[in-house]
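Colleague:
Protein chains in written order, with our numbering: chain A, 1053 to 1215; chain B, 23 to 807.
1. Taking 7 Å as the CB-CB limit, is residue 1071/A close to chain B?
2. Would you say the beta carbon of residue 500/B is closer than 6 Å to some non-hydrogen atom of the ligand ZN?
3. Taking all protein chains shown into account, do 16 or more other C-beta atoms lie within 10 angstroms of the C-beta of residue 260/B, making it buried, or fewer, making it exposed?
4. Please name the residue in 285/B, 618/B and 667/B whose C-alpha comes closest to that of residue 715/B.
5. Could you check what DSSP says for residue 286/B in three-state terms: helix, strand or coil?
6. Between residue 1148/A and chain B, is the shortest Cβ-Cβ distance under 7 Å, so that the two count as touching?
7. Between the alpha carbons of residue 613/B and residue 1096/A, how many angstroms are there, rounded?
8. Expressed to the nearest angstrom, what Euclidean distance is found between the alpha-carbon atoms of residue 131/B and residue 167/B?
9. What is the DSSP secondary structure of residue 26/B, reduced to helix, strand or coil?
10. What's the C-alpha gap between residue 266/B and residue 408/B?
11. Less than 7 Å between the beta carbons of residue 633/B and residue 257/B, yes or no?
12. Within a Cβ cutoff of 7 Å, which residues of the same chain sit near residue 478/B, ignoring the five residues on either side of it in sequence?
13. Output needed in chain order: residues of the region 159-192 of chain B with a Cβ under 9 Å from some Cβ in chain A.
14. What does the Cβ neighbour count give for residue 646/B, buried or exposed, with the cut at 16 atoms within 10 Å?
15. How many Å lie between residue 19/B and residue 434/B at the Cα?
16. What number of angstroms, rounded off, separates the C-alpha of residue 736/B from the C-alpha of residue 712/B?
17. When the Cα atoms are used, what is the spatial distance from residue 475/B to residue 429/B?
18. When the Cα atoms are used, what is the spatial distance from residue 484/B to residue 517/B?
19. Could you give the distance in angstroms between the alpha-carbon of residue 311/B and the alpha-carbon of residue 224/B?
20. Which of the three DSSP states, helix, strand or coil, is assigned to residue 134/B?
21. Under 8 Å by Cβ, that's how I've got residue 165/B and residue 175/B pegged, so tell me the actual separation to the nearest angstrom.
22. Closer than 7 Å by C-beta to residue 262/B: which residues in its own chain qualify, once you throw out the five before and the five after it? Chain order, please.
23. Since I believe residue 528/B is in contact with residue 8/B (beta carbons under 8 Å), could you give me their beta-carbon distance rounded to a whole number of angstroms?
24. Could you tell me whether the Cβ atoms of residue 651/B and residue 187/B are closer together than 7 Å?
25. By a C-beta neighbour count over all protein chains shown, 10 Å radius and 16 as the cutoff for buried, is residue 489/B buried or exposed?
26. Can you check which of these residues, 1073/A, 1116/A, 1184/A and 1060/A, is closest to residue 1092/A by C-alpha distance?
27. Please classify residue 413/B as buried or exposed, where buried requires at least 16 neighbouring CB atoms within 10 angstroms.
28. Quick one: Cα of residue 44/B to Cα of residue 178/B, how far?
29. Mind listing the chain B neighbours of residue 1110/A? Cutoff is C-beta to C-beta under 8 Å, in chain order.
30. Going by DSSP in three states, residue 275/B sits in which element: helix, strand or coil?
31. Whose Cβ in chain A lies nearer than 9 Å to the Cβ of residue 661/B?
32. Just by C-beta distance, which residues in the region 1098-1125 of chain A are closer than 7 Å to chain B?
33. Taking only three categories from DSSP, how would you classify residue 587/B?
34. Nearest-angstrom Cα distance between residue 110/B and residue 144/B?
35. Give the range of the beta strand (DSSP E) segment to which residue 265/B is assigned.
36. Going by Cα to Cα distance, which pick from 462/B, 301/B, 97/B and 579/B is closest to residue 781/B?
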């Protein structure tokens, strides 16, 4: 189900912990599986659980807890907008509404062209520059409707290196 | 040892004690939902917040260890505010559906709300709704009521041994459920209903049947295995509505298995007899009065004795019968002059009878079992045979002990077990090789699991070897017992028996075996054992609570013999099978309808009382036997009270030890009885929910009948579909097939205890298997399941 390379990476993560503590490697194993597959299908979660000798429900609990794991296909760019206290007080709900209107999708949905997914997440630890969102490996802070529009335009233009 | 003060009372407790435990020992009540003394501490409901001096915030009593000088207030303003706040939050999403909730009246959330909540809520918004999960025929879910205490999740992981339920999602979206919708597999799953502090998990068969406060509680003893779990039988009017565990720390702690919990649902099966039945001359059955039925019974027995003599009369009694019934049954048969009586219908090899111990005793208490460092299970799948004894074994493993299982197939244990599985039917070789390894302990290779076990047994101090019921069902039982005995001697270990039925121990003690009388006294003229009655062409039978067609090793043969016999009296709860061959059927009190006593696996004598009135004209088993004995003018049948029978039983059996001498030397068996060869070997045993007439009729527990075979073997035998025809010398049957790597190559597993498979005869016989199509009826029932 997973490539040799992913299996090796999971085995390496597994080797970091004592034999009876295989669940410690679960977070990393799910991440590796998601990086390869794009999202975590039920079968992939079960497969990863079996790799680590864990009951499937245990992997499922973890996969549903963290917003970083996707349980259904997502677009090429995933807007993870923080909705926790600091961002909320600084207008994160307005940012989400703005994105939702511009992209024509609600929370947890993906645009028809498969380009964008919108998601609300818990605190990402960048409170001093709230409101903020995460896109790929990057944080975008001090968001305004204008900066969001510029970001969408850049991404639509095909740029992968956006600031 | 820390000195602390709770609500002004001071106490000294051991270091590491939590505030909750300390308060409990002072008799101070602290409200809680998620805390449970048998489970790990989660501290996620926050209901037990208490005010600790110098602590800035209230602390959870269940998770806070005491410290010297701690001053705790459980009812100060700060503690009360915390409790009210927690309850207000818990009730935000809890529906106000108490009037239609089965938990109402026995609900901690209801009680604690009454006792501790602020009557006003600030919450105006909508409540959340959670989708219900279908987790099988035993448990109803109403997940909107869940307060996420995670007791059920922790139970699955920590007691049940299989993590099936989990908490998925996060924050407001957190919900309890299985991974993919499926029935929970644990045989202890019903305990989650008792643990659930709200109405999220309730009993499906009990749903909407009654309110808890209407029910009458009667202490009972579970009749379904030899653990002897204490139960609380709850009834309304004439109907048993549910069975719950009754706390008995030394036996079942506070659990019971699903078999004990739900078997009562079979009580109202359509073939329940409540009126004496008599087969008329034209072969039709007629409901008759007791006087008429007894007259016909006496006439039938007298005619039989006159024509064939007592030597052609045999008696079979269930191992679920009470001591009193067993005692009267043997007195009846022996009084009539017949030595042929037995309760061991599942067995086929009786060569070891003379060497058997007084009764199948564990030889220790269940609590001691938890502390055993090395246990070898000989053909014992305790998880399905004695679920709560299995729980003790599991605890032994969690305490650092080791359990090794020797068996004919791989079993699904719920704790780590080293399994040694015989090649197709070569069980005897496995034990023999193990014994041989003791001769050269240090030369054996490291990678041979048998050699490793021999070394561990030799090194262990007095290891425990437990003999399971499947060993006694084996056609080479006597050989295997002799081998196990010699292994125990070589290892310097002890032997314990896992008795099969609720009162197997009582049956041996009461003398319901052909070679021994009450108290285990050997008889001069031993009768024939159960399996021999069919070939011996017995002409008369007295059956007590058994259905030989499914309860005996060779069911089809048994039914045929019974049908050809001249007179068959069936004292029974159910009529379906007996109608095929009996002449008279006398209706007997079933589970919860009669009183009596059992001796459990430890040798513990436990009595139970009738919970409900008898249906129709049914009578307690002991009364039926007494009337029969009295009418037949046998001596010593003049009892009028059950207590008199109990006293007579007690007197005849005398004192028996909880610890019996481990083994009487088995006669050396020179020629081991070889198994006949064939293309494949048919293995089989009684599955968990097929072992007795009541549980077979419990619809919620029903398991579809399936043969099991290793996928590789199926491939080799050219089987592609999922339906096979299995034929033995005795007969053939078409069955659904499940591929299962637990079954060794060269074998097919076909369970016993189903009327469909009775035609195949005994287990461990050669058979052949071919592909087939399923008959219409079975296809339907499989689809429905």
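For every residue, glycine included, the Cβ atom is placed at its ideal position computed from N, Cα and C.
Modeller: Reading off the structure:
1. no
2. Absence of the ligand ZN from the depicted structure is noted, as is the absence of any ligand whatsoever, leaving it without description.
3. exposed
4. 285/B
5. helix
6. no
7. 48 Å
8. Residue 131/B and residue 167/B: Cα-Cα distance of roughly 10 Å.
9. Strand at residue 26/B.
10. 17 Å
11. yes
12. 396
13. 175, 178, 179, 184, 185, 186, 187, 188, 189, 190, 191 and 192
14. Answer is buried; the Cβ neighbour count reaches 16.
15. Lying outside 23 to 807, the shown extent of chain B, residue 19/B is not represented and no answer is given.
16. 26 Å
17. 14 Å
18. Straight-line Cα distance between these residues: approximately 10 Å.
19. 42 Å
20. helix
21. Incorrect: roughly 13 Å between the Cβ atoms, too far for contact.
22. 255, 286, 289, 614, 633 and 634
23. In the structure as shown, chain B starts at 23 and stops at 807, and residue 8/B therefore has no counterpart that could be examined.
24. no
25. buried
26. 1116/A
27. Result: buried.
28. 27 Å
29. The contacting residues are 185 and 188.
30. strand
31. Residues of chain A passing the Cβ test: none, with the nearest at roughly 55 Å.
32. 1107, 1108, 1109, 1110, 1112, 1113, 1116 and 1117
33. coil
34. 8 Å
35. 261-267
36. 579/B
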